[in-house]
C-alpha cells in the first residue's frame, strides 16, 4: 500500500475512525463532505467542539506516517472546505477543531486495524 490509500482501504479506514470516535462519545454528523475545494472525511461533535477530521490509513511499516500525508496544501484544502461548511450550517457555540486520525493496519493485503492514533487539534486556521 505504501504512501497512498486505495479507495477501499481509505473507506475502511474511515469506517474504523468513525467507530473509534463513536466509542469515545463523539457524534458523527457528516461523512465525506465534498466541496469544490476538497473533502472533509468526518465531521463530528462533542459537547464543546465541532471536529473536522482527516483520516489517513497506512499499513504497518509504510515509509511515511499517515499524518505526514496531511501537508500544508492538504490542510489549506480542508480549511477551505470547512469554511464552506460553516457558512451553510449553524454550529451554535461549538468551537471548530481540526483533527487527524491515523489508522494503521497489519498489512497492505489484508485490512485488519492494528492501531488508531487520534491527533486532536492537529492544525489550526
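Numbering (this note's numbering), first residue to last: 2 to 126. We put the CB at the ideal spot given by N, CA and C, even for glycine. Being a predicted model, the structure only gives us computed values, none of them experimental.
- Going by DSSP, residue 46 is part of the beta strand (DSSP E) stretching over 40-46.
- In the three-state reduction of the DSSP assignment, residue 36 falls in the coil class.
- The shortest C-alpha to C-alpha distance from residue 32 to any of 119, 12 and 25 is the one to 12.
- Minimum Cα-Cα distance from residue 60 among the listed residues 103, 124 and 122 corresponds to 103.
- Between the C-alpha atoms of residue 30 and residue 74 there is a straight-line separation of about 25 Å.
- As computed with DSSP, residue 10 is found in no beta bridge at all.
- Note that the C-beta distance between residue 100 and residue 56 is not below 7 Å.
- Three or more beta-carbon pairs drawn from the segment 67-87 and the segment 34-44 are found closer than 8 Å, and the two stretches are therefore classed as touching.
- The DSSP-derived three-state label of residue 15 is helix.
- Apart from the 5 residues on each side of it in sequence, residue 19 sits with its Cβ closer than 7 Å to the Cβ of 29, 32 and 43 in its chain, given in chain order.
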